[in-house]
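The structure under discussion appears below in the form of structure tokens.
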Amino acid sequence: MERKWWKEGVVYQVYPRSFNDSNGDGIGDLRGITQKLDYLKDLGVDILWLSPVYESPNDDNGYDISNYRAIMEEFGTMEDWENMLGEIHKREMRLVMDLVVNHSSDEHAWFQESRKSKDNPYRDYYIWRDGKNGAEPNNWVSFFSGSAWDYDEATGQYYLHLFTDKQPDLNWENEQVRQEVYDMMNFWMDKGIDGFRMDVINLISKTPGLPDAEVTNKDNKYQWGGEHFVNGPRFMEFMNEMNEQALKHYDVMTVGETPMVKPEDGAAFTDEESGVLSMVFQFDHMEIDGDPGSQEGKWSVKPWKLSKMKEIMTNWQTSLNGKGWNSLYLENHDQPRSVSRFGDAEEYHQESAKMLATFYQLMQGTPYIYQGQEIGMTNVQFDSIEDYRDVEIHNWYNEQVTEKGKDKQEIMHSIFVKGRDNARTPMQWSDENYAGFSDAEPWIKVNPNYTSINVKQQQEDEESILNYYKELIKVRKSHDVLIYGSYQLLDPEDEQIYAYTRELDGEKALIVANFTNEAIDYSVSESFPVEQAERLIGNYPSEQEEGGTLQLKPYEARVYRVQ
Ligand code: TEU
Ligand code: CA
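Residue numbers for the sequence shown follow the working numbering, so the first one is 6 and each next one is one higher.
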């Protein structure tokens, strides 16, 4: 397996709107990020993944781009961006930018032209079709509720948008579109960036003819059409072309955000010899507490089982070992906070946040930390739907409560548990006004618990989640077995303890995590001689053990190593 900087590094995702506001307008910005680079360097992260900062009307907070080569005014100028990149490189860190090319904003000049007339030179930059029987060209549902098509009066046709109606899908069948994308990628790589995170990149190739989806929910007017656009017929062809025309000429990392991807796809996409991406984000563990196939889709809420988490993570670990490379994450700007979702944000906030960090970061793959996760930021509950900002939340609320008359409390509960704004409240830097994020009322309310959960307080507390993250990152970096070692699951059926080993050239590590609020005696299998082991890190003070039995406290995690 080849050694790579992006296998050894730890990535930190910055959601710029909510990270740090330098000019008192309540909106995070590039200079605000530059002000915090020493904080990130001290945390020990190596690579910054920056969510989109390009010009955008912010219908989907920057994932709707109206100019791929300009910086969003609210975030600053190209000079601010170049200064930030210089400061990142000066600290021997790297920058990965977000590439959103399945769709653009409807305010992009290309779409403004395309919608003017059927024979406009830009018409085929997007996907236009005549209606069928007085309705949309097919029955696909949008990821963000409603039809995936919008009717455009001017030319009497519909255009496809898998996301909002302000995010028209680009037509990747059109070679000119692909060339525009590769040229834009080279523009940014020539500026010195170190890679791309590729937004829903496996949706860019659609089945010719755009056929109707199978009716899987007869109560729904529109149907999930994934069979016709997930890992579509020309996906690998387009990605190979992208590598030929752009990526392979630079020392860059790529991470594909690939909804619905399965381990065998992930192995093919990231294969060291024949692959097209350094790694992918898979979603199997992000769907463990819901039923994506149900009528509520992502909004469904159901209990999850540790044995299922083990099955998912182990499948990905073993399928990619020796072939490709995993990304490791529990949070991002689309997901609720992991300590609320998988830990215990009430009684065992600190212990469970540290346990979760240990469990996910020491598998084989590149660990990603989402802003605020390193201090255990939690979900938020705004009583009024007016306090929410996310278009996905508002579309869901409007469809369910306003249009379908569903129970408001029930829908608000699904938003509390699964809403993306859980991850988008301002970064909590201190207990000062607006959590030290801004001097002005932020674009979205601060989580009221910022007075007790913030960077400043945790920098001063040796036992804080923040200081544990720093130590954990150091431990991972100091042991190749934790980076390159193979992964073996122990006790698949145990619903309380997640234990796995890592192995490399005769060196072994054991990672044990108690996912419950109970004290548990865990006997380590003989395959790992824990009595002779060195303890590398743990979220409680170390205890003298009786033989191979570990007396684990609530949410206790430990890491051992034997040569
Ligand atoms: O997300 C793609 C995606 O699958 C999301 O719909 C996500 O799974 C869902 O919101 C979870 O609730 C990417 C970006 O990460 C997201 O922020 C954008 O809204 C979306 O693409 C469209 O660009
Ligand atoms: Ca600002």
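We treat Cβ as the ideally placed atom computed from N, Cα and C, and that holds for glycine. It should be emphasised that the depicted structure is a prediction, and the values quoted were computed from it without experimental measurement.
query: Could you give the C-beta distance for Ala-562 and Met-360, rounded to a whole number, given that I count them as a contact under 8 Å?
result: Sequence index remark: in the sequence shown, residue 562 carries index 557 (1-based). Sequence index remark: in the sequence shown, residue 360 carries index 355 (1-based). Going by Cβ atoms, the distance from Ala-562 to Met-360 rounds to 4 Å, so yes, they are a contact pair.
task: Please confirm whether Gln-549 and Ile-525 have their CB atoms less than 7 Å apart.
output: Position 544 of the sequence shown, counted from the start, is the residue given in the question as residue 549. Position 520 of the sequence shown, counted from the start, is the residue given in the question as residue 525. Result no, Cβ atoms of Gln-549 and Ile-525 do not sit closer than 7 Å.
- request: In the DSSP assignment, find the unbroken beta strand (DSSP E) run with Glu-539 in it and report its ends.
  value: Translated into positions along the sequence shown, residue 539 becomes position 534. Per DSSP, Glu-539 belongs to the beta strand (DSSP E) from 539 to 543.
message: Using 8 Å as the cut-off, can you tell me whether the stretch 127 to 138 makes contact with the stretch 191 to 204, which would need three or more C-beta pairs spanning the two stretches below that distance?
response: Contact annotation: the stretch 127 to 138 does not touch the stretch 191 to 204, with fewer than three C-beta pairs closer than 8 Å.
message: Assuming Ser-491 is part of the beta strand (DSSP E), what are its boundary residues?
response: As a first step, residue 491 must be located in the sequence shown, where it is residue number 486. Residue range 491 to 495 is occupied by the beta strand (DSSP E) that includes Ser-491.
message: Restricting to Cα atoms, I'd like to know which of Asn-326, Phe-192, Gln-369 is closest to Leu-333.
response: In the sequence shown, the residue the question calls residue 333 occupies position 328. The shortest C-alpha separation from Leu-333 is found at Gln-369.
message: Nearest by alpha-carbon distance to Leu-494: which of Glu-246, Asp-388, Ile-516 is it?
response: Start at 1 with the first residue of the sequence shown, and residue 494 comes out as number 489. Of the candidates Glu-246, Asp-388, Ile-516, the residue whose Cα lies closest to the Cα of Leu-494 is Ile-516.
Secondary structure, beta strand (DSSP E): runs of 3+ residues fully inside the stretch 432 to 477: Segments of the beta strand (DSSP E) lying fully in the stretch 432 to 477: there are none.
Check: Asn-2 C-beta below 6 Å from any heavy atom of ligand 2: Since the first residue of the chain shown is 6 and the last is 568, residue 2 is not available in this structure.
message: Can you tell me which residues form a DSSP beta bridge with Lys-137?
response: Within the sequence shown, numbered from 1, the residue matching residue 137 stands at position 132. Lys-137 is bridged to Ala-140.
CB contact check: Thr-39 to chain C, cutoff 7 Å: In the displayed structure, chain C is absent; only one protein chain is listed.
C-alpha distance - Leu-45 paired with Gln-355, whole-angstrom precision: Within the sequence shown, the letter at position 40 stands for residue 45. Within the sequence shown, the letter at position 350 stands for residue 355. Cα to Cα, the separation comes out at about 20 Å.
query: Which class does Leu-515 belong to by DSSP, given the choice of helix, strand or coil?
result: Here residue 515 is taken as the residue at index 510 of the sequence shown, counted from 1. DSSP places Leu-515 in strand when its eight states are reduced to three.
field: Residue from Gly-37, Ser-71, His-108, Asn-248 with nearest C-alpha to Leu-4
entry: There is simply no residue 4 to check, as the chain begins at 6 and stops at 568 in what is shown.
message: Using a Cβ distance threshold of 8 Å, determine whether the stretch 447 to 457 contacts the stretch 16 to 33, with at least three qualifying pairs required.
response: The stretch 447 to 457 is in contact with the stretch 16 to 33.
query: Is Tyr-527 closer than 7 Å to Leu-487 when the C-beta atoms are compared?
result: Numbered from its first residue, the sequence shown carries residue 487 at position 482. Numbered from its first residue, the sequence shown carries residue 527 at position 522. Note that the C-beta distance between Leu-487 and Tyr-527 is not below 7 Å.
C-alpha distance - Gly-511 paired with Thr-323, whole-angstrom precision: The residue you call residue 511 lines up with position 506 of the sequence shown. The residue you call residue 323 lines up with position 318 of the sequence shown. C-alpha separation (whole angstroms): 18 Å.
- prompt: Are at least three pairs of beta-carbons, each pair with one atom in the stretch 393 to 408 and one in the stretch 431 to 444, less than 8 Å apart?
  reply: Taking a cut-off of 8 Å on C-beta distances, the stretch 393 to 408 does not touch the stretch 431 to 444, as fewer than three cross pairs fall below it.
message: Quick check: Gln-340 and Met-291, are their CB atoms within less than 7 Å of each other?
response: As a position in the sequence shown, residue 340 is number 335, starting the count at 1. As a position in the sequence shown, residue 291 is number 286, starting the count at 1. Yes; because the gap between Cβ atoms is below 7 Å, this pair is in contact.
Close beta carbons around Tyr-1, own chain, < 6 Å, minus the five adjacent residues each side: The chain is shown from 6 up to 568; residue 1 falls before or after that span and cannot be answered.
message: At 4 residues or longer, what runs of the alpha helix (DSSP H) sit wholly inside the stretch 20 to 88?
response: The stretch 20 to 88 contains these whole alpha helix (DSSP H) runs: 35 to 40, 42 to 48.
message: Below 8 Å on the Cβ atoms is my contact criterion, and I expect Leu-167 with Phe-148 to pass it. Report the Cβ-Cβ distance as a whole number of Å.
response: Within the sequence shown, the letter at position 162 stands for residue 167. Within the sequence shown, the letter at position 143 stands for residue 148. Yes, Leu-167 and Phe-148 are in contact; Cβ-Cβ is about 6 Å, under 8 Å.
message: If distances are taken between C-alpha atoms only, which option among Phe-442, Glu-7, Val-281, Asp-294 comes closest to Asp-34?
response: Here residue 34 is taken as the residue at index 29 of the sequence shown, counted from 1. For the set Phe-442, Glu-7, Val-281, Asp-294, the Cα lying nearest the Cα of Asp-34 is the one of Phe-442.
message: Determine whether the beta carbon atoms of Tyr-17 and Ile-478 lie at a separation below 7 Å.
response: Residue 17 sits at position 12 when you count from the first residue of the sequence shown. Residue 478 sits at position 473 when you count from the first residue of the sequence shown. No, they are not a contact pair.
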